[in-house]
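Counting from 1 along the sequence shown, just add 1 to a position and that's the residue number in this note's numbering. Where a beta carbon is used, it is the ideal one built from N, C-alpha and C, also for glycine.
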Amino acid sequence: MEKREELYRGKAKSVYKTDDANRLILLFRNDTSAFDGKRIEQLDRKGMVNNKFNAFIMQKLEAAGIPTQFDKLLGDNECLVKKLDMIPVECVVRNYAAGSLVKRLGVEEGLKLNPYTFELFLKDDAKGDPFINESHVVAFGWGTAEQLARMKELSLKVNDVLTKLFDDAGLLLVDFKLEFGVFHDGSIVLGDEFSPDGCRLWDKDTKKKMDKDRFRQGLGDVIEAYEEVAKRLGVPL
2 MEKREELYRG KAKSVYKTDD ANRLILLFRN DTSAFDGKRI EQLDRKGMVN
52 NKFNAFIMQK LEAAGIPTQF DKLLGDNECL VKKLDMIPVE CVVRNYAAGS
102 LVKRLGVEEG LKLNPYTFEL FLKDDAKGDP FINESHVVAF GWGTAEQLAR
152 MKELSLKVND VLTKLFDDAG LLLVDFKLEF GVFHDGSIVL GDEFSPDGCR
202 LWDKDTKKKM DKDRFRQGLG DVIEAYEEVA KRLGVPL
């Protein structure tokens, strides 16, 4: 597989073309950002940890019948993925109240949500990733009703699979965001990444935060927490 020019550079990953029109290379960098990119720092080992963590999770999801963008690891910081036409909508599943939900509704952090909630946000840093609904997605042409239905179905299936996986590792899956894209055959596929950058994970007993909130809130030991989660899951780092 020949790595070619950089196609896109995000806050924490770079995307490269390859000699296969349907495959891309994702490079996980050590860049760590918060507050829509307003704060960025370099954290040693982060790219490696997130790359291998993502590979582990995506393979678990594939085994459960969830189509993902991931193909294979290429090295410590790179993996090969399917090329998708990404839908600019973030799907957020919340099992416990945290983050923007607490700010918006004034509820207590850690409140168990029964049932879980499913939310949509427009992926647009300049606008602060605004909260949207299904009507907005269809009306503005960001996705179709059929695509949204499939995205929701897959998001809830991901929640079922990963809630148990993390619970078995002594962790609460508080919430997470997912992004989806359309493969060349028209199918909806889970894209981007699943790592502690894009979810909230708390220790079941102590409620210690084991995710990027450690960076956002200045708690320290960010990568150490990521590595602890990986160790509990059995991710080979």
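{"Asked": "Nearest-angstrom Cα separation, counted from S34 out to K12", "Found": "7 Å"}
{"Asked": "Completely contained beta strand (DSSP E) runs for the stretch 62 to 122, where each covers 3 or more residues", "Found": "71 to 74, 79 to 83 and 86 to 97"}
{"Asked": "Among M87, E228 and E147, the one whose alpha carbon lies nearest that of D45", "Found": "E228"}
{"Asked": "Residue nearest to E3 in terms of C-alpha spacing, selected from L25, I189 and S15", "Found": "L25"}
{"Asked": "The stretch 63 to 74 touching the stretch 177 to 190, judged by at least three CB pairs closer than 8 Å", "Found": "yes"}
{"Asked": "Under the three-state DSSP convention, the category Q60 falls into", "Found": "helix"}
{"Asked": "Rounded straight-line distance, which links the Cα of L112 to that of L106", "Found": "12 Å"}
{"Asked": "Cβ neighbour criterion (16 or more within 10 Å) applied to R40", "Found": "exposed"}
{"Asked": "DSSP-derived helix/strand/coil call for S136", "Found": "helix"}
{"Asked": "Contact belief for F177 with G199 at Cβ below 8 Å, rounded distance in angstroms", "Found": "6 Å"}
{"Asked": "C-beta contact flag for V93 and L62 at 9 Å", "Found": "no"}
{"Asked": "Beta-ladder partner(s) of T19, from DSSP", "Found": "K4"}
{"Asked": "Residue range of the alpha helix (DSSP H) that includes D37", "Found": "Here D37 belongs to no alpha helix (DSSP H), and DSSP marks it neither H nor E."}
{"Asked": "Backbone secondary structure at V190 - three-state DSSP", "Found": "strand"}
{"Asked": "Identity of the residue in G76, K209 and G192 nearest L172 by Cα", "Found": "K209"}
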